[in-house]
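So in the numbering used here, spot 258 of the sequence shown is number 667, and the numbers just go up one at a time.
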Amino acid sequence: MMRFSVFLNARSMAPDEDRQLIHDLTDHAVLAEALGFDAIFMPDHHFNGYMPIASDSFMFASYLAAKLPRMHFGFSVVSVPLHHPVRFVERINILDQLTDGKLMVGVGSGTTPEEMIGFGVNYKDAGAVSEANLALAEQLWAKGMEDPAIEIDNGPHKGRVLQRIAPAQYTKGHAPLMPVAMKETSTRRAAENGWPAFIPAFTPPKIGGTEPMKHVAKYYGIYRQMLEEAGHAPDVVAKALDWTTHTYQCVHVAESDDQAREELEIILRSYQDAIEREAEFNARAESDSANKKTDRTPNALTEDWIGTWCLYGSPETVIEHLKPYEELGIGNILCGTTTGPLTEERLRLGNQTLQLISDKVMPAFKVREPA
Numbered sequence: 410m411m412r413f414s415v416f417l418n419a420r421s422m423a424p425d426e427d428r429q430l431i432h433d434l435t436d437h438a439v440l441a442e443a444l445g446f447d448a449i450f451m452p453d454h455h456f457n458g459y460m461p462i463a464s465d466s467f468m469f470a471s472y473l474a475a476k477l478p479r480m481h482f483g484f485s486v487v488s489v490p491l492h493h494p495v496r497f498v499e500r501i502n503i504l505d506q507l508t509d510g511k512l513m514v515g516v517g518s519g520t521t522p523e524e525m526i527g528f529g530v531n532y533k534d535a536g537a538v539s540e541a542n543l544a545l546a547e548q549l550w551a552k553g554m555e556d557p558a559i560e561i562d563n564g565p566h567k568g569r570v571l572q573r574i575a576p577a578q579y580t581k582g583h584a585p586l587m588p589v590a591m592k593e594t595s596t597r598r599a600a601e602n603g604w605p606a607f608i609p610a611f612t613p614p615k616i617g618g619t620e621p622m623k624h625v626a627k628y629y630g631i632y633r634q635m636l637e638e639a640g641h642a643p644d645v646v647a648k649a650l651d652w653t654t655h656t657y658q659c660v661h662v663a664e665s666d667d668q669a670r671e672e673l674e675i676i677l678r679s680y681q682d683a684i685e686r687e688a689e690f691n692a693r694a695e696s697d698s699a700n701k702k703t704d705r706t707p708n709a710l711t712e713d714w715i716g717t718w719c720l721y722g723s724p725e726t727v728i729e730h731l732k733p734y735e736e737l738g739i740g741n742i743l744c745g746t747t748t749g750p751l752t753e754e755r756l757r758l759g760n761q762t763l764q765l766i767s768d769k770v771m772p773a774f775k776v777r778e779p780a
């Protein structure tokens, strides 16, 4: 019984487009709820016109939560080094309360040096800052009023917390933190805590390829084995697997395969143009050794990128593609339905995809109402 969720990953290309994008993504999310999608996920990105809602996606999620009380909300993913651990915990707790626990917080160390330098973090230090922030967050969630103060001294993040985090969390412990099940430490964190995970379709340093299922099956198998060996109650394991997520950055469905491929290429050309515009600023950020990336994503118009990051075709083709993922045990398919600059035509194509998935794809997977 596979879930379908929507990833709000659209870009604007100029300041005067930001407001319309916010309104258009609100309408897209409302449509997704009406059509039976289970969750709305949002990214965490900053600067350069990249996904304006993502500069504070917790705030945008809170706004949508008031409009869409049935929906679950998730983040794919929060760049942990960019967030002071106190604000990280406070925002999660508020949204956990507002959604009655229908919250999943994807976590990672970030992918973009430009974003790191804007927050005073060196890219090479991002992993260490992330791990320390997550450890501090756990201490903050556990702290009572009379417990000793928690000292924070982690890269750019400083402080001394004397009392407790308010509000308290709604979810026992706290809302689940969903890592990408690629590194052993991240996979084990999800498994031992009984949390869902994101299951990747590639193995670095190559971020792309035409055999995604080979990677998905490997990482899912490792995660599931660790989860089942962790000694959780059956309902904890079931809930974690129910929301274990495989992501497609670009999902496009049309009445025929030919139409879907033609429209997909239009979408990806616009997306790649945006990526290339942003490359200049990324290059400035990588001007010293502390901020050099070690991996590169293929051009979006290559078969390697399409093979890893795209799901497209007629409803029948999409169903055929997803059946092996259902059989493997993937619980949630996260669909990037607004990838690239959000023009009026792009929004029309995104809404077309939502409608066809709802009408013709979801029934093949016996989608349930969210708990």
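Here a beta-carbon is modelled for each residue, glycine too, at the ideal position from N, C-alpha and C.
query                                                                                                  : result
Residues that DSSP places opposite ALA786 in a beta bridge                                             : Residue numbering for the chain in the displayed model covers 410 to 780; residue 786 lies beyond these limits and cannot be assessed.
Start-to-end residues for the alpha helix (DSSP H) that takes in ALA546                                : 535–551
Of the listed residues SER767, THR654, GLU735, nearest to MET410 (C-alpha basis)                       : GLU735
Three-state class that DSSP yields for GLY445 in the structure shown                                   : coil
HIS661 vs ALA649 beta-carbon contact at 9 Å                                                            : no
Touching by the beta-carbon criterion (3+ pairs, under 8 Å), the region 417–429 and the region 447–464 : yes
Own chain residues within Cβ distance below 6 Å of THR435, not counting five before or after           : none
Local Cβ density within 10 Å of ALA780, reported as buried at 16 or more and exposed below that        : Legend: pLDDT at ALA780 = 45, less than 50; position of this residue unreliable, no value from coordinates given.
Residue environment, LEU763, which counts as buried when at least 16 other CB atoms sit within 10 Å    : buried
From GLN578, THR521, GLN506, VAL530, residue whose alpha carbon lies closest to that of LEU549         : GLN578
Beta-carbon proximity check, TRP652 vs PRO585, cutoff 9 Å                                              : yes
For GLY515 and GLY483, believed in contact at Cβ under 8 Å, the rounded distance                       : 6 Å
Cβ neighbour criterion (16 or more within 10 Å) applied to ASN741                                      : buried
Option nearest GLY529 by Cα separation, candidates GLU499, HIS492, ALA558                              : HIS492
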